[in-house]
Amino acid sequence: MTTTRFAPSPTGYIHVGNLRTALMNYLIARKAGGTFILRIDDTDPERSKEEYVDAIKQDMEWLGLHWDKVERQSERLDRYAEAADKLREMGRFYEAFETPTELDLKRKKQLNMGKPPVYDRAALNLSDAEKEALRAERGNGVWRFKLDHERIEWNDGILGDISIDAASVSDPVLIRGDGQVLYTIASVVDDTEMGVTDVVRGSDHVTNTATQIQIIKALGGNCPRFAHHSLLTGPQGEALSKRLGTLALRDLREQGVQPMALLSLMARLGSSDPVELRSDMAELIEGFDVNRFGAAPTKFDVQDLFPLTAKHLQSLPLTDVAEAVADAGVPAELAEPFWAMARENITTLADLKGWWELCRDGAEPLIADEDRDFIAEAIALLPEGPFDGETWGKWTSAVKEATGRKGKGLFMPLRKALTGMERGPEMAALLPLLQVIRAKA
Ligand code: GLU
1 MTTTRFAPSP TGYIHVGNLR TALMNYLIAR KAGGTFILRI DDTDPERSKE EYVDAIKQDM
61 EWLGLHWDKV ERQSERLDRY AEAADKLREM GRFYEAFETP TELDLKRKKQ LNMGKPPVYD
121 RAALNLSDAE KEALRAERGN GVWRFKLDHE RIEWNDGILG DISIDAASVS DPVLIRGDGQ
181 VLYTIASVVD DTEMGVTDVV RGSDHVTNTA TQIQIIKALG GNCPRFAHHS LLTGPQGEAL
241 SKRLGTLALR DLREQGVQPM ALLSLMARLG SSDPVELRSD MAELIEGFDV NRFGAAPTKF
301 DVQDLFPLTA KHLQSLPLTD VAEAVADAGV PAELAEPFWA MARENITTLA DLKGWWELCR
361 DGAEPLIADE DRDFIAEAIA LLPEGPFDGE TWGKWTSAVK EATGRKGKGL FMPLRKALTG
421 MERGPEMAAL LPLLQVIRAK A
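The working numbering applies: residue 1 is where the sequence shown begins, and numbers increase by one.
Rendered as C-alpha cells:
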C-alpha cells in the first residue's frame, strides 16, 4: 500500500517551500488511496519547539491536508539506538574525534589541492588505545556510517536516472558526540519501519538520499521510490531561501490568500500542467502526477496567489463566506445582495469592509463642474423605494428621457457621483445597497 510522509522539523513555521513537499506527498497518498503520515522530525531538542508542532498542524488543517497518523521521532529514540547497534555490529559504524576546526582545516587543504572535500576516514586507523585517549581528552566522538565506495543509483521520479559516486561523499555522521541521533539515520529507520513507499522532498536532499539508500540496504530495509523536486526561486530566479521566512503559510493567510488558491498553484507550479484554479481537493488529487514535474528551479511569485484567490472567492456562495460578510459589518438582511455585488470586486475577503463602508456611508462624490446640474436633476428623479435590482435601469431610463444624455455621458457621472470612482461594481447591484440613497428615496 502506498504510504507517504511529510516530515517537517518543528524549528519554524511551514512556508511555501515546504508546503510543496507536504502537498506532493499528500496528493500521492490520496490518489493511491494510501496513507499519509505527518512525521515530526524532532530529534534536536534544542531547536524543536512545541509551538511549531502546533503551528504546523494548524497550517495543514487550514489547507485541508489531513493526515492519517502522527509520528514523532523524539518518541522513537530506542529504535534508532537499535539500528545504530546493528550498524556497529556490522562494522559499518565508526567513532571519529576530529573537532570542527580540524575538519575545516582538512577541507581547506583538500580544496587547495583541487580535491573534493570528503572526510578522509582518518578515524578508521585509530587503535583502541588512541580512541580511549581521545575520548578521555575530548569526550565521546561522533559516529559515522562507512559508505561502500561504489556508485549509488536510483531512478528518481522527477530527476530521472541518478548515479552518485559514494567516494565523492563524506561518511555521514549519524550520531553526535552528545548522543543526539541525526536525521539521516532516524529518517531511514522510520521510512523502513513505517512502510513508506514514496518519498518526495527537495533536491537539497539528493546527497542524503544517496547515503540513505546505503543505510537502508545495510539495515535490510526496502528502498522507497524517491523524487526530488526543484527548489523555489523568486520571480527573477533569485534564491528564495532567505525570503522564505516571510513566505510562511500564516503570513499568506494573514494577507487573505485562500487555501484553494495556494493549493492550486503549488500542486502544478514547476510541472508541465498549467496552473489553473481547481474547485476542490478531489480535483487536485485526480490531476496530480509527480512525474510531470521538471528538474529546473521553479519560479514562485507570491503575487500569483491573488488573482487565484479572487477567482476562487467569486465562485463561492454566501454560505461559505457568511462569517466574513458579517464581520465586515453587513447586516444579515443585506448579506445576500451585498455578496452578489461584492464578490466580483474583491481580491481578498479583507476588501469586503471597504465595499460595505461605501454602501453604508456613501462615498465622497466625484462630480465635474459641468455635471452638477445633471446630477441634481438625476437625484430628483430617483424612484420611490424600496430599491431592487430593477431600480437602476428604471432610474437611468427616466434620467435619459429627462436630460437627453445617453451612454457613457449618462452612466459615468452617475457612477462617479454615487461611488466616487470611475470603475467598480455593477450599478444595478450596488444601488439597492447604498444606504444613504435609500434614505433619500
Ligand atoms: N526533516 C527533514 C527536513 O525537513 C525531512 C526531510 C525528508 O523528507 O526526508 O528537511
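Cβ coordinates follow ideal geometry from the N, Cα and C atoms, glycine included.
Collapsed DSSP secondary structure at residue i in the structure displayed
{"i": "S203", "result": "helix"}
{"i": "A210", "result": "helix"}
{"i": "D165", "result": "strand"}
{"i": "A368", "result": "coil"}
{"i": "K146", "result": "coil"}
{"i": "P383", "result": "coil"}
{"i": "H229", "result": "strand"}
{"i": "A441", "result": "Because the pLDDT of A441 is 49, which lies under 50, any placement of that residue in the model is unreliable, and the number read from its coordinates should be weighed accordingly. Coil at A441, not helix or strand."}
{"i": "P425", "result": "coil"}
{"i": "W154", "result": "strand"}
{"i": "I14", "result": "coil"}
{"i": "D198", "result": "strand"}
{"i": "L247", "result": "coil"}
{"i": "V290", "result": "helix"}
{"i": "R448", "result": "Residue numbering for the chain in the displayed model covers 1 to 441; residue 448 lies beyond these limits and cannot be assessed."}
{"i": "V321", "result": "helix"}
{"i": "V181", "result": "strand"}
{"i": "G160", "result": "strand"}
{"i": "A310", "result": "helix"}
{"i": "N25", "result": "helix"}
{"i": "Y119", "result": "coil"}
{"i": "D351", "result": "helix"}
{"i": "Q255", "result": "coil"}
{"i": "C359", "result": "helix"}
{"i": "D44", "result": "coil"}
Heavy atom of the ligand GLU within 6 Å of residue i beta-carbon
{"i": "S271", "result": "no"}
{"i": "A7", "result": "yes"}
{"i": "D190", "result": "no"}
{"i": "S187", "result": "yes"}
{"i": "R491", "result": "This structure cannot speak to residue 491, because the chain is shown only from 1 to 441."}
{"i": "D156", "result": "no"}
Those residues which DSSP pairs with residue i across a bridge
{"i": "K299", "result": "T233"}
{"i": "S272", "result": "Answer is none; S272 lacks a bridge partner."}
{"i": "E95", "result": "W143"}
{"i": "V188", "result": "For V188, which the question treats as bridged, DSSP gives no partner whatsoever."}
{"i": "V173", "result": "R144"}
{"i": "V70", "result": "L38"}
{"i": "A84", "result": "Bridge partners of A84: none, in fact."}
{"i": "A239", "result": "T233"}
Nearest candidate by alpha-carbon position, reference residue i, set the options
{"i": "S163", "options": "R144, V206 and E286", "result": "V206"}
{"i": "W62", "options": "I346, F293 and A261", "result": "A261"}
{"i": "D304", "options": "A342, E333, S264 and M281", "result": "S264"}
{"i": "F145", "options": "V181, E51 and L174", "result": "L174"}
{"i": "R92", "options": "A123, P116 and R79", "result": "A123"}
{"i": "N208", "options": "G34, M194, T197 and S187", "result": "S187"}
{"i": "A29", "options": "D68, L182, M60 and E364", "result": "D68"}
{"i": "V118", "options": "L147, W339 and E238", "result": "L147"}
{"i": "T184", "options": "G160, Q212, G177 and K86", "result": "Q212"}
{"i": "I379", "options": "G354, T348, L418 and A363", "result": "L418"}
{"i": "V302", "options": "T99, T197, L240 and T319", "result": "L240"}
beta-carbon residue i near the ligand ATP non-hydrogen atom, thresh 6 Å
{"i": "D41", "result": "The ligand ATP is not part of this structure, which contains only the ligand GLU."}
Cβ of residue i within 7 Å of any chain D Cβ
{"i": "L313", "result": "Included in the structure is just one protein chain, with no chain D present."}
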